[in-house]
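Participant:
2 protein chains.
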Amino acid sequence: MAKANKLFHLLLRFLAFGSTLCAAIVMATSHEKATVLNISFEAKYSNTPSFKFFFIGNAIGCIYSLLVLFIRSSGHSFGRVILALDMIVTMLLTSCVSAALAIAYVGKKGNSHAGWLPICGQVTEFCDHVTGALIAGFIGVIIYLLLLLSHSINPLLVSKA
Amino acid sequence: MAKANKLFHLLLRFLAFGSTLCAAIVMATSHEKATVLNISFEAKYSNTPSFKFFFIGNAIGCIYSLLVLFIRSSGHSFGRVILALDMIVTMLLTSCVSAALAIAYVGKKGNSHAGWLPICGQVTEFCDHVTGALIAGFIGVIIYLLLLLSHSINPLLVSKA
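For the protein sequence lines, the chains are R and P, in the order given. Here the first sequence is numbered in UniProt numbering, starting from 1 and rising by one per residue. Here the second sequence is numbered in UniProt numbering, starting from 1 and rising by one per residue.
(1) Can you tell which of Ala23/P, Thr124/P, Ser19/P has its C-alpha closest to the C-alpha of Lys109/P?
(2) I want to see whether chain R comes within less than 9 Å of Gly107/P, judged by CB atoms only; does it?
(3) Based on Cα-Cα distance, which residue from Ala84/P, Ser30/P, Trp116/P lies nearest to Phe126/P?
(4) Assign Asn111/P to one of two classes, buried (16 or more other C-beta atoms within 10 Å of its C-beta) or exposed (fewer than that).
(5) With 9 Å set as the bound, which would you pick, yes or no: does the beta-carbon of Ile60/P sit closer than that to a beta-carbon of chain R?
(6) Could you compute how far the alpha carbon of Thr20/R sits from the alpha carbon of Lys33/P?
(7) Name the residues in the region 62-92 of chain R whose C-beta lies less than 8 Å from a C-beta of chain P; which are they?
(8) As an exercise, report each continuous beta strand (DSSP E) stretch of at least 3 residues that is fully enclosed by the region 14-72 of chain P, in chain order.
(9) Can you find a CB in chain P that lies within less than 9 Å of the CB of Ala16/R?
(10) For Val81/R, is the classification buried or exposed, using 16 other Cβ atoms within 10 angstroms of its Cβ as the cut-off for buried?
(11) List, in chain order, every chain P residue whose beta-carbon is nearer than 8 Å to that of His113/R.
(12) What does Ile119/P reach in chain R if we use C-beta pairs closer than 8 Å?
(13) Going by C-alpha to C-alpha distance, which of Glu42/R, Phe54/R, His113/R sits closest to Leu134/R?
(14) Kindly list the residues whose CB is nearer than 6 Å to the CB of Val141/R, restricted to its own chain and excluding five residues on each side of it in sequence; keep chain order.
(15) Please report the Cβ distance between Ala4/P and Ser50/P, rounded to the nearest whole angstrom; I am assuming they are in contact, meaning their Cβ atoms lie under 8 Å.
(16) How should Thr35/R be labelled, buried or exposed, when 16 other C-beta atoms within 10 angstroms of its C-beta is the threshold for buried?
(17) Could you tell me whether the Cβ atoms of Met91/P and Leu145/R are closer together than 9 Å?
(18) Which residue from Cys62/R, Gly18/R, Leu10/R, His113/R puts its Cα closest to that of Gly75/R?
Below, the structure written as structure tokens:
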């Protein structure tokens, strides 16, 4: 039972690593050149602070997941420290996905009250890329939530796993 | 020592209740009428989905904090359930504060690449209100992070407190 629990945790960590890596790469490669009314411009993630935050947050989440994978698979235990770091990384990922989603929503729908027009009609490929990154980032958040909830369901794992 | 821990937890819960209540009320009362180029308009929180999400998230956080305060002060214990709910509420608060902050940043600075102009020059009072709500919301997130970290430092509290 303890071995099955450990394997389940390692699988979740690996999935978290994969999804945060995907999210960071897909966001970092999202750019598109477009011409509107003879004015040429380039849409890229680094033009928007929230998208940069998304990339940095997911890159940190990815490196952290990889480090914990190595630590856990080598048999070492830093139970409470890892639980505390899990909480902080989950909040970081939640924060950067939410901020990016809020901006992506304005990019898609605009905000007529503030006079902000939607831009996805002009840069559809860029918007599709960002949507893909957001989906991967969201999956990462769900996996980290599952990891945290598994700690709360079985707190003994904290000191054993 | 156990009594001091319990009092510290109750104090944190009370502060979390106060900050989420303030955040929800200050956001809900943020509106301003302005006239630009003879066009009259009203800025209010309900015009922006992220600000509505901020209000709803903090209202849920506020009600939850109050409920846990009653449960804990009446001597009942639902240790693991409350730890799991604490994690979910912390993520909800982190998410709604981040989303609102991302939009408030565009309102303050604009985004020249997307053609979104800043609006805080026209509705300064509205922006000040939103800033106040964001600060209160951010304090709520920090308090919930402290509550979660105190669980991870002393996991025995989960089943005792």
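Ideal Cβ positions, reconstructed from N, Cα and C, are used throughout, including at glycine. Remember, it's a predicted structure, so these values are computed and weren't measured experimentally.
Facilitator: Working from what's here:
(1) Within the second sequence, numbered from 1, the residue matching residue 109/P stands at position 109. Checked all of Ala23/P, Thr124/P, Ser19/P; the closest Cα to Lys109/P is Thr124/P.
(2) One-based indexing of the second sequence puts residue 107/P at position 107. Gly107/P counts as touching chain R.
(3) Position 126 of the second sequence holds residue 126/P. Measuring from the Cα of Phe126/P, the nearest candidate turns out to be Ser30/P.
(4) The sequence position of residue 111/P within the second sequence is 111, counting from 1. Under a 10 Å Cβ-count criterion, Asn111/P is classified as buried, with 16 or more other Cβ atoms of the shown protein chains found around its own Cβ.
(5) For this step, residue 60/P is matched to residue 60 along the second sequence. By this cut-off, Ile60/P is not an interface position.
(6) On the first sequence, residue 20/R is found 20 positions in, with the first residue counted as 1. On the second sequence, residue 33/P is found 33 positions in, with the first residue counted as 1. Looking at the two C-alpha atoms, the distance is approximately 43 Å.
(7) Within the region 62-92 of chain R, the qualifying residues are Arg80, Leu83, Ala84, Met87, Ile88, Thr90, Met91.
(8) Correct list: 31-36, 39-44.
(9) Here residue 16/R corresponds to residue number 16 of the first sequence, with the count starting at 1. No, because no Cβ of chain P sits closer than 9 Å to the Cβ of Ala16/R.
(10) Looking up residue 81/R in the first sequence gives position 81. If you draw a 10 Å sphere on the C-beta of Val81/R, you find fewer than 16 other C-beta atoms in it, and that means exposed.
(11) On the first sequence, residue 113/R is found 113 positions in, with the first residue counted as 1. Near His113/R (Cβ distances below 8 Å), the residues of chain P are Phe41, Ala43, Asn47, Thr48.
(12) The sequence position of residue 119/P within the second sequence is 119, counting from 1. Ordered by position in chain R, the residues that pass the 8 Å Cβ test against Ile119/P are Ala114, Gly115.
(13) Position 134 of the first sequence, counting from 1, holds the residue named residue 134/R. Of Glu42/R, Phe54/R, His113/R, the residue nearest in Cα terms is Phe54/R.
(14) Counting from 1 along the first sequence, the entry for residue 141/R is found at position 141. Same-chain partners within the cutoff: Leu93, Thr94, Val97.
(15) Translated into positions along the second sequence, residue 4/P becomes position 4. Translated into positions along the second sequence, residue 50/P becomes position 50. Rounded, the Cβ-Cβ distance is 40 Å, inconsistent with contact.
(16) Here residue 35/R corresponds to residue number 35 of the first sequence, with the count starting at 1. Exposed, by the Cβ-count rule.
(17) Sequence index remark: in the second sequence, residue 91/P carries index 91 (1-based). Sequence index remark: in the first sequence, residue 145/R carries index 145 (1-based). Yes, Cβ-Cβ distance for Met91/P and Leu145/R is below 9 Å.
(18) Position 75 of the first sequence, counting from 1, holds the residue named residue 75/R. Just measuring C-alpha positions, the residue of Cys62/R, Gly18/R, Leu10/R, His113/R sitting nearest Gly75/R is Leu10/R.
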